[in-house]
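Trainee: In my numbering, the protein residues as written are 36 to 119.
Heads up, the beta-carbon is just placed ideally off N, CA and C, and yes, glycines get one too.
Let me begin by handing over the structure; questions about it come next.
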């Protein structure tokens, strides 16, 4: 690692940009492309993607769900937290 760092930094010698580029290309084993094609990302719409429900629709959805069963007394529906 230290050897590669000395090679890239040049041990105090100032290297030109083209010399550094050649060293890096030799190190990675591939050439830098002459033209880079970057496309902008697709527009993503994230706000307001949910559907708003009316009060009646919310109540109908709640009524259609099966109620929860109490683990202590076995009743279905709303029960107090402390059932003895």
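If the criterion is Cβ atoms closer than 8 Å, does the pair residue 67 and residue 56 meet it?
Mentor: yes
Trainee: Give every residue of the same chain whose Cβ lies closer than 8 Å to the Cβ of residue 110, excluding the five residues on either side of it in the sequence, and list them in chain order.
Mentor: 104
Trainee: From the DSSP output, in three-state form, read off residue 82 for me.
Mentor: coil
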